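Residue numbers (my numbering): 5 to 142.
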Amino acid sequence: FLGVPAIRAPKMLEESGLTENGYVPVSPKTLETRYPDVYAVGDCAKQGTPKAGVFAEGAARAVATSLIARLRNEPIPVTHKGTGSCYIEFGAGRIGRVDVDFFSDPDGPTGTYYEPSVALRIDKEHFGSSRRARWFGL
Numbered sequence: 005f006l007g008v009p010a011i012r013a014p015k016m017l018e019e020s021g022l023t024e025n026g027y028v029p030v031s032p033k034t035l036e037t038r039y040p041d042v043y044a045v046g047d048c049a050k051q052g053t054p055k056a057g058v059f060a061e062g063a064a065r066a067v068a069t070s071l072i073a074r075l076r077n078e079p080i081p082v083t084h085k086g087t088g089s090c091y092i093e094f095g096a097g098r099i100g101r102v103d104v105d106f107f108s109d110p111d112g113p114t115g116t117y118y119e120p121s122v123a124l125r126i127d128k129e130h131f132g133s134s135r136r137a138r139w140f141g142l
């Protein structure tokens with residue numbers, strides 16, 4: 005049996021007073037905390053999306069865009085859309101995918117499921133290799 009422990013903010017964040025119930029509350033679309041110019045992304049942030057890398061990546065991109073705009077004295081854009089994809093492996097080289105959107109519909113998250121295929125395996129491989137290249141130069 006493999007158990008995954010509950011995700012919580014690191015002790016340092018909890019001791020800082022930024023957390024509530026183990027997470028840092030943020031504005032979902034800007035990721036700003038209750039303190040001006042302080043942002044939280046990833047597993048420590050309570051933002052209304054799953055604790056998955058694709059959502060942390062989108063959140064980090066949104067915060068970087070906001071910080072650049074602030075440094076340039078430009079209007080702060082709201083770029084965190086709460087969208088992402090999750091690949092599901094079915095074996096025999098077939099992979100399915102679900103694309104989800106957590107913020108656009110006021111009634112709740114929406115998603116589109118794509119049936120397993122070899123083409124989606126290629127898509128997933130490209131997804132992974134593009135991140136390795138961008139993040140690590142590999």
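For each residue, glycine too, the CB sits at the ideal point set by N, CA and C. All of these numbers come straight from a predicted model, not from anything done at the bench.
query: So, using beta-carbon positions, are Ala10 and Tyr27 closer together than 7 Å?
result: No, the Cβ-Cβ distance between Ala10 and Tyr27 is not below 7 Å.
query: Measuring CA to CA, which of Phe107, Asp41 and Glu61 is closest to Arg136?
result: When each option's Cα is compared against that of Arg136, the closest is Glu61.
query: Roughly how many angstroms lie between the CA atoms of Arg38 and Val30, to the nearest whole one?
result: Rounded to the nearest angstrom, the two C-alpha atoms are 7 Å apart.
query: Which stretch, first to last residue, makes up the beta strand (DSSP E) that contains Ile99?
result: Unbroken beta strand (DSSP E) run through Ile99: Arg98 to Asp105.
message: Can you list, in chain order, the residues of its chain with a C-beta nearer than 8 Å to that of Arg120? Leave out the 5 residues immediately preceding and following it.
response: Note that residue 120 is Pro in the sequence shown here, rather than Arg. The answer, listed in chain order, is Ile92, Phe94, Arg98, Ile99 and Gly100.
message: Rounded to whole angstroms, what is the Cα-Cα separation between Asn25 and Ala63?
response: Their backbone Cα atoms lie some 21 Å apart in a straight line.
task: Leaving out five residues on either side along the sequence, give the residues of the same chain with a beta carbon under 8 Å from the beta carbon of Pro40.
output: Answer for Pro40: no residue qualifies.
- prompt: Comparing alpha-carbon positions, which option in Trp139, Pro79, Lys55 and Gly132 lies nearest Val8?
  reply: Taking only the C-alpha atoms, the option nearest Val8 is Lys55.
field: Range of the contiguous alpha helix (DSSP H) that encloses Ile126
entry: Residues Val122 to Phe140.
- prompt: Beta carbon of Val42, beta carbon of Val67: below 7 Å?
  reply: With a cutoff of 7 Å on beta-carbon distance, Val42 and Val67 are scored as not near each other.
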